[in-house]
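The block underneath contains the structure these notes are about, expressed in structure tokens.
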Amino acid sequence: MTQRTDVVVVGGGQAGLAAGYHLRRLGIEHVILDAQAAPGGAWQHTWDSLGLFSPAQYSSLPGRLMPVQEGELYPDAAHVVDYLADYEKRYELPVRRGVWVSAVHRDGAFLRVQTDGGDWQVRAVISATGTWTRPFLPAVPGRREFTGRQLHTVQYKNPAEFTGQRVIVVGGGNSGAQIAADLAHAGIDLTWVTQRPPHYLADDIDGRALFDAATARRRALDEGRTDTGGVAALGDIVAAPPVRAARDAGLLTAKPMFTQLTATGVRWADGTMAEADAVIWCTGFRPALAPFAALRLRGSRGHIATAGTRAVDEPRLHLLGYGDWTGPASATLIGVGRPARDAAREVAELLRP
Ligand code: FAD
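Just so we're aligned, residue 12 is where the sequence shown starts under my numbering, counting upward by one.
Structure (structure tokens):
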């Protein structure tokens with residue numbers, strides 16, 4: 012049986028909820044379909060010690076400030092999950108959980124959304140599928156030969172399972188630095204490998220400054236001024252307290268990227284080797300856009316060409332929360348509110364008789 016509504020939002024993480032908040036304010040009939048059994052999106056799957064890089068009030072969705080977590084300036088992931096669960100309840104957002112969206116097709120004046128719980132016929136779709144379901148691993152020679160354990164950021168939980176092991180962490184971004192620091196503080200035999208030397212933001216800069224930098228960049232571009240470089244110009248790694256402590260204790264010395272994996276470890280270009288029991292790839296994610304393949308909208312780097320949040324070649328599709336290409340800082344809690352509002356307004360225009 013085909014169900015009908017005006018808008019389907021695919022994904023019920025923070026981006027999907029922000030979209031729901033603004034659609035509801037505009038009185039637009041919609042449903043939010045989320046594959047997971049529980050609220051919280053990707054925040055349910057982070058490692059145990061992860062702390063936000065912004066204080067609570069700078070990590071808030073539209074309409075409701077995130078409450079302060081007692082005793083913590085930077086809230087943990089469980090606090091974010093609680094906040095998101097409360098948020099969707101407070102605004103009575105129409106989230107349906109445990110529903111997997113497999114494909115979106117054009118269907119005359121409508122879009123047809125195929126799910127494992129039946130089809131929906133709608134007039135617009137907002138994609139808020141995030142990235143955590145699509146971990147990215149670089150093509151490094153020898154990856155199949157390595158006989159130890161390989162895992163990605165999403166599978167890492169805590170240092171306990173690596174006790175007594177030699178671990179190589181690959182990646183010079185926030186995930187790599189934080190996981191390396193987590194292991195180093197626990198006394199694990201660690202080799203940290205980065206493509207270029209670690210580039211820390213100044214110690215007094217946290218997510219607040221990142222948001223300001225992204226906003227300044229958007230303003231500059233909107234007003235036709237020179238690109239300020241945004242967040243990328245500040246550095247790659249927020250010197251969050253555990254990272255700073257590990258770095259200052261001399262526990263975070265990065266080596267350049269190795270050129271190949273061997274059966275028992277890794278080898279660098281100059282022939283030096285390191286033995287390892289595990290390699291943790293903190294090498295990022297790609298947008299989870301497989302359900303939109305049938306619309307044939309793929310641009311470069313797995314993105315879809317957008318004007319704001321709207322897909323250039325399919326104005327009934329909006330993309331939300333994936334990063335700067337879908338709105339400055341849109342892949343953050345505080346940054347997704349504005350593009351969500353813009354997407355909802357554009358959808359309202361589209362639906363206007
Ligand atoms: P998600 O949270 O991934 O939600 C997407 C939802 O869609 C999921 O529930 C998923 O299961 C569902 N879904 C996907 N595909 C389908 C489908 N086909 N059908 C149905 N459902 C589907 N941001 C900050 O603001 N502050 C921070 O301190 C911060 N720290 C971070 C640290 C790390 C290590 C990482 C990885 C990210 C961090 N972020 C931070 C970034 C950002 O806030 C998160 O990545 C955020 O979870 C993205 O939200 P989202 O709603 O776009 O995606």
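Every residue gets a Cβ at the ideal spot worked out from N, C-alpha and C, and that includes glycine.
- With a cutoff of 8 angstroms on beta-carbon distance, Gln14 and Trp131 are scored as near each other.
- Beta-carbon to beta-carbon, Gln166 and Ala289 are separated by about 10 angstroms, too far to satisfy the 8 angstroms threshold.
- For Asp130, the enclosing beta strand (DSSP E) begins and ends at 129–133.
- Phe147 counts as exposed, since fewer than 16 other beta carbons sit within 10 angstroms of its beta carbon.
- For Ala274, same chain residues with a beta-carbon under 7 angstroms away, outside a window of 5 residues either side, are Glu156, Phe157, Thr158 in chain order.
- Val181 and Ile248 have their C-alpha atoms some 14 angstroms from each other.
- A straight line joining the alpha-carbon of Arg258 with that of Val136 spans about 45 angstroms.
- The C-beta separation of Ser138 from Leu361 comes to about 15 angstroms, leaving the pair out of contact by the 8 angstroms criterion.
- Per DSSP, Ile190 is one residue of the alpha helix (DSSP H) stretching across 185–196.
- Assignment of Pro50 by DSSP, reduced to helix, strand and coil, places it in the coil class.
- In the structure shown, Ala285 falls within a strand segment according to DSSP collapsed to helix, strand and coil.
- In terms of Cβ geometry, Pro50 and Glu99 form a close pair [threshold 8 angstroms].
- Arg160: member of the beta strand (DSSP E) spanning 160–163, first to last residue.
- Taking Met12 as the centre and dropping the five residues before and after it, the same chain places the C-beta of Gly129 closer than 7 angstroms to its C-beta, in chain order.
- Judged by pairs of C-beta atoms under 8 angstroms, the region 220–230 touches the region 332–339, as three or more such pairs exist.
- The residues Pro170, Phe173, Val178, Val180, Leu201, in chain order, have a CB closer than 8 angstroms to that of Leu194 in the same chain once the five nearest residues on each side in sequence are set aside.
- Taking the CA atoms as reference points, Thr320 sits about 14 angstroms from Gly141.
- Membership of Pro350 in the alpha helix (DSSP H) is indicated by the continuous run 348–362.
- Residue range 25–36 is occupied by the alpha helix (DSSP H) that includes Leu34.
- In the structure shown, Thr343 adopts coil according to DSSP, grouped into three states.
- C-alpha of Asp45 to C-alpha of Gln189: approximately 28 angstroms in a straight line.
- Linking Gly334 to Pro350 through their CA atoms gives a straight-line distance of about 11 angstroms.
- In the structure shown, Gly276 falls within a strand segment according to DSSP collapsed to helix, strand and coil.
- Per the C-alpha coordinates, the member of Gly346, Ala191, Gly183, Thr16 positioned closest to Pro208 is Gly183.
- As computed with DSSP, Phe121 is found in a beta bridge with Asp118.
- DSSP lists Pro146 as the beta-bridge partner residues of Phe296.
- For Pro149, the Cβ stays outside the 7 angstroms cut-off from all heavy atoms of the ligand FAD.
- In the three-state DSSP reduction, Ala304 falls in the helix class (H, G or I).
- Taken atom to atom, the span from the alpha-carbon of Arg36 to that of Ala316 is near 28 angstroms.
- Exposed is the label assigned to Arg363, since fewer than 16 other Cβ atoms lie within 10 Å of its Cβ.
- In the three-state reduction of the DSSP assignment, Gly313 falls in the helix class.
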